[in-house]
Structure formats: structure tokens, C-alpha cells
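Q: Just dropping this structure here.
Protein chains in written order, with the numbering used here: chain W, 75 to 165; chain V, 10 to 243.
This is the structure in C-alpha cells:
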């Protein structure tokens with residue numbers, strides 16, 4: 075079974091008040107060496123058995139473009155992982 | 010003018026919009042369930058405020074794929090008048106009928122209070138009943154109302170006079186304190202290039218009668234009616 079881990083992040087330059095607030099909280103706790111904090115989302119998609127890596131890649135890209143990320147404000151990237159790697163070496 | 014108010018799962022201002030159109034302005038008005046897809050008989054479609062689909066993923070992101078939205082896109086592309094208020098504005102941006110996006114308020118807080126709006130263009134279908142630079146007192150109630158668009162889009166919006174409302178103070182000045190959510194250039198409401206689709210975060214539906222302490226919101230509905238009558242008249 076293939077799983078896609080999709081990371082959705084705000085485009086660089088776009089204000090992230092949530093990240094700023096968390097950064098501030100970290101500073102108050104003594105984490106003074108953190109330069110900045112940006113918050114994003116992690117979305118995991120598990121595909122049906124029989125969906126190969128190429129198809130999973132195509133479907134994930136389509137899902138990101140159509141629904142999961144808003145291209146006006148967000149970027150996305152993803153990783154595919156074979157969750158039954160032992161059985162499907164060489165996928 | 011035949012008006013339709015779309016009801017998504019999670020809409021909560023649908024009855025406010027219905028009330029204003031039906032009772033205050035005495036227009037034939039119907040609710041349209043989000044699974045309907047025939048809008049041929051309508052002159053105005055309103056996307057009301059609320060929390061459609063629980064605001065999951067992003068505000069308006071799931072509602073955008075409701076069956077009725079394809080009909081709304083066709084309706085708008087054929088020149089039909091579409092008004093999106095609050096969550097309706099967010100949905101119109103997600104749909105691409107309006108440029109830009111609505112993001113989490115700069116304060117990170119839900120803001121619920123009266124604000125002042127300066128009418129930036131009083132010659133549109135949605136503002137022609139307003140005086141030039143008129144100041145309206147209208148409530149906002151949202152957590153995701155920060156209007157964002159890239160610099161090029163902002164320039165185009167301004168150049169084509171698509172910015173209809175900006176947050177201002179009582180005297181009409183654009184100050185940071187008067188901007189309830191950190192919207193770029195204090196933008197509170199915009200229309201599309203063709204001028205038939207408008208979205209705004211403040212709620213004119215909540216202030217269209219004197220008993221609600223402000224009737225300024227009525228101006229927007231009045232504008233749409235005046236515009237429609239002008240189109241119908243020879």
C-alpha cells in the first residue's frame with residue numbers, strides 16, 4: 075500500500091501570524107536560537123492496494139492542484155512511501 | 010427580481026439574507042439547496058455567511074465543489090449577479106470567480122464587531138445607491154477575513170476599480186486600527202472584472218433595518234435592485 079505524505083506550506087513572503095505567535099512563545103521559553111517559525115499542514119493519503127507509484131504520484135498531484143492546496147497562498151510537496159516495502163521491494 | 014440564497018451544510022446566515030430580500034425588499038426569494046444545479050430562473054444568487062463544511066481544509070474549499078457551484082460558475086459567466094457575503098466571499102475566491110484568498114486574521118482571533126467601510130467605487134452594480142466615498146457602518150464576524158492577493162493582482166484590482174469597500178475609521182481614514190483582520194490595503198470587498206460578481210467580508214444582511222442599529226447594509230441590496238431595474242428598463 076502506498077502512502078503519500080503531503081506537506082502544504084504558505085508561500086514564502088506570506089504573513090504567517092500563527093507561526094509568529096508560536097515563535098514568540100518559544101522565545102519566552104528560552105528557545106532564543108530559533109530564527110523563525112512557519113506553520114503548515116501535513117496530509118496523508120493512503121491508496122488502495124494495486125495503485126502503483128506512478129499512478130499514486132499522478133493522483134496526488136491532481137488532488138493537490140484541485141483541492142488540497144490553494145495556489146494563491148500555498149505551496150505543496152509530497153513523498154510517496156510503500157507501506158508494505160518488505161513485500162514489494164523494487165516498486 | 011428573482012433571488013436565490015444558496016444553502017450549504019453549515020451556512021448560518023442564509024435566513025438573514027432571505028429575510029432582507031423577501032421581507033425588507035419584498036422580492037421573490039427562494040432557498041437553493043447545495044445539491045441543486047438549475048439556476049436559470051434567477052436574477053441574483055447570494056452565497057451567505059456561515060461555516061460551510063465546518064471550514065475544513067480551508068474556508069470555502071469544500072463548498073467550492075458542491076454540485077450547485079458549477080451552476081453558479083455558469084450563471085456568473087453568463088452575466089448573472091452573484092453576491093458572496095463572508096463565507097460566501099471565501100467560497101467565491103476558492104472558486105476563482107474572484108481573485109485572491111481570505112486568510113486567518115492577523116490577530117489570530119475571531120472578530121465580531123461593527124466596522125466602518127468606505128465606498129471606493131459607487132458606480133458598480135453593488136454600490137450605485139451609495140454616495141461617493143460614503144461611509145457605511147456594517148458588522149463583521151469572522152476568523153478568516155484577511156484579504157490577500159499578489160501585488161500584480163492588487164494593482165489590477167485598483168486599476169479596474171474592482172475594490173468596492175475598504176475598512177476605515179469613523180471619518181473615512183484608512184488606519185491599521187480600523188482594519189479588523191489585517192487585510193492588504195484594507196480591502197473589505199471586491200468585484201470581478203466584469204462587475205457582476207461581488208464578495209465582501211462584512212455582513213450587509215445583518216444591518217438592513219433601523220432596528221438593528223444600522224440600516225447601511227440595505228444600500229448594497231438596494232444597489233443591486235436599482236441596477237437590475239436599469240437593465241430591464243429600455
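Quick reminder that beta carbons are idealized off the backbone N, C-alpha and C, glycines included.
Counting only Cβ pairs nearer than 7 Å, list the residues of chain V close to residue 134 of chain W.
A: Along the first chain, one-based indexing puts residue 134 of chain W at 60. Near residue 134 of chain W there are no residues of chain V at all, since even the closest Cβ is about 15 Å away, more than 7 Å.
Q: Work out the CA separation of residue 156 of chain W and residue 163 of chain W for me, nearest whole Å.
A: Here the question's residue 163 of chain W lines up with position 89 in the first chain. Here the question's residue 156 of chain W lines up with position 82 in the first chain. Confidence in residue 163 of chain W is poor, its pLDDT being 40 and thus under 50, which makes the residue's placement too unreliable to answer from.
Q: What is the residue span of the beta strand (DSSP E) that residue 127 of chain V lies within?
A: The residue given as residue 127 of chain V occupies position 118 in the second chain. Taken as a continuous stretch (DSSP letters only), the beta strand (DSSP E) holding residue 127 of chain V covers 120-128.
Q: Could you name the residues that DSSP lists as bridge partners for residue 146 of chain V?
A: Within the second chain, numbered from 1, the residue matching residue 146 of chain V stands at position 137. Residue 146 of chain V pairs with V:125.
Q: Starting from residue 102 of chain V, trace the alpha helix (DSSP H) in both directions and tell me its first and last residue.
A: Reading the second chain from its first residue, position 93 is the one you call residue 102 of chain V. Here the alpha helix (DSSP H) through residue 102 of chain V covers 96-104.
Q: Out of V:234, V:111 and V:34, point me to the one whose CA is closest to residue 90 of chain W's CA.
A: On the first chain, position 16 is the one that residue 90 of chain W refers to. It is V:111 whose Cα lies nearest to the Cα of residue 90 of chain W.
Q: Looking only at its own chain, which residues have a Cβ that is under 8 Å from the Cβ of residue 187 of chain V, when we skip the five neighbours before and after it?
A: Taking the first residue of the second chain as 1, we reach residue 187 of chain V at position 178. Excluding sequence neighbours, residue 187 of chain V sits near 124, 125, 176, 177, 178 and 195.
Q: In terms of residue numbering, what span does the alpha helix (DSSP H) encompassing residue 132 of chain W cover?
A: Counted from its first residue, the first chain places residue 132 of chain W at position 58. Residues 127-137.
Q: Mark residue 161 of chain W as exposed unless 16 or more other C-beta atoms lie within 10 angstroms of its C-beta, in which case mark it buried.
A: Mapped onto the first chain, residue 161 of chain W falls at position 87. With a pLDDT of only 48 at residue 161 of chain W, under 50, the local geometry of the prediction cannot be trusted, and no value is derived from it.
Q: Could you pull the DSSP bridge partners for residue 151 of chain V from this structure?
A: In the second chain, the residue the question calls residue 151 of chain V occupies position 142. V:120, per the DSSP bridge assignment.
Q: Among residues of its own chain, excluding the 5 on either side of residue 153 of chain W, which ones have a beta-carbon nearer than 6 Å to its beta-carbon?
A: Here residue 153 of chain W refers to the residue found at position 79 of the first chain. 79, listed in sequence order.
Q: Could you say which of V:197, V:96, V:73 and V:55 lies nearest to residue 105 of chain V if we only look at CA atoms?
A: Taking the second chain and counting its residues from 1, one reaches residue 105 of chain V at position 96. It is V:73.
Q: Using a Cβ cut-off of 9 Å, pull out every chain V residue sitting near residue 141 of chain W, in sequence order please.
A: One-based indexing of the first chain puts residue 141 of chain W at position 67. Under the 9 Å cutoff, chain V gives 66, 70, 71, 73 and 74.
Q: Answer with buried or exposed for residue 42 of chain V, where buried requires no fewer than 16 other C-beta atoms within 10 angstroms of its C-beta.
A: For the purposes of this step, residue 42 of chain V is identified with residue 33 of the second chain, where counting begins at 1. Burial call: exposed.
Q: Kindly give me the distance between the Cβ atoms of residue 14 of chain V and residue 48 of chain V, rounded to whole angstroms, as I take these residues to be in contact under 8 Å.
A: Within the second chain, residue 14 of chain V is the residue found at index 5, counting from 1. Within the second chain, residue 48 of chain V is the residue found at index 39, counting from 1. No, residue 14 of chain V and residue 48 of chain V are not in contact; Cβ-Cβ is about 12 Å, not under 8 Å.
Q: Let me confirm a value: residue 165 of chain W is counted as buried when at least 16 other C-beta atoms fall within 10 Å, else exposed. Which label applies?
A: In the first chain, the residue the question calls residue 165 of chain W occupies position 91. Confidence is the limiting factor: at residue 165 of chain W the pLDDT is only 42, short of 50, which leaves the residue's position unreliable and the question unanswerable from this model.
Q: What residues in the region 130-163 of chain V bring their beta carbon closer than 9 Å to a beta carbon of chain W?
A: 155, 157, 158, 159 and 162
Q: Considering only the beta carbon of each residue, do residue 69 of chain V and residue 100 of chain V sit closer than 8 Å?
A: Translated into the one-based positions of the second chain, residue 69 of chain V becomes position 60. Translated into the one-based positions of the second chain, residue 100 of chain V becomes position 91. Contact: yes.
Q: Where DSSP assigns a beta bridge to residue 83 of chain W, which residues make up the other side?
A: Reading the first chain from its first residue, position 9 is the one you call residue 83 of chain W. According to DSSP, residue pairing for residue 83 of chain W in a beta bridge involves W:114 and W:149.
Q: Exposed or buried, which one is residue 153 of chain V when buried takes at least 16 other CB atoms within 10 Å?
A: As a first step, residue 153 of chain V must be located in the second chain, where it is residue number 144. Buried, since its Cβ has 16 or more Cβ neighbours within 10 Å.
Q: Which residue from V:37, V:237 and V:202 puts its Cα closest to that of residue 171 of chain V?
A: As a first step, residue 171 of chain V is located in the second chain; it is residue number 162 there, counting from the start. Checked all of V:37, V:237 and V:202; the closest Cα to residue 171 of chain V is V:202.
Q: Would you mind telling me which residues of chain V sit closer than 8 Å to residue 144 of chain W, beta carbon to beta carbon, in chain order?
A: Locating residue 144 of chain W in the first chain gives position 70, where the first residue counts as 1. Residues of chain V whose Cβ lies closer than 8 Å to the Cβ of residue 144 of chain W are, in chain order, 67, 70, 103 and 110.
Q: Reducing DSSP to helix, strand and coil, say where residue 92 of chain V ends up.
A: Translated into the one-based positions of the second chain, residue 92 of chain V becomes position 83. DSSP places residue 92 of chain V in strand when its eight states are reduced to three.
Q: So for residue 209 of chain V, helix, strand or coil by DSSP?
A: The residue given as residue 209 of chain V occupies position 200 in the second chain. Here residue 209 of chain V sits in strand by DSSP.
Q: Per DSSP, residue 15 of chain V is paired with what?
A: Residue 15 of chain V sits at position 6 when you count from the first residue of the second chain. Partner(s): V:41.
Q: For residue 165 of chain W, name the three-state secondary structure that DSSP assigns.
A: Counted from its first residue, the first chain places residue 165 of chain W at position 91. Annotation note: pLDDT 42 at residue 165 of chain W (below 50); position unreliable, coordinate value reported separately. In the structure shown, residue 165 of chain W sits in coil (DSSP, three-state: anything other than H, G, I, E or B).
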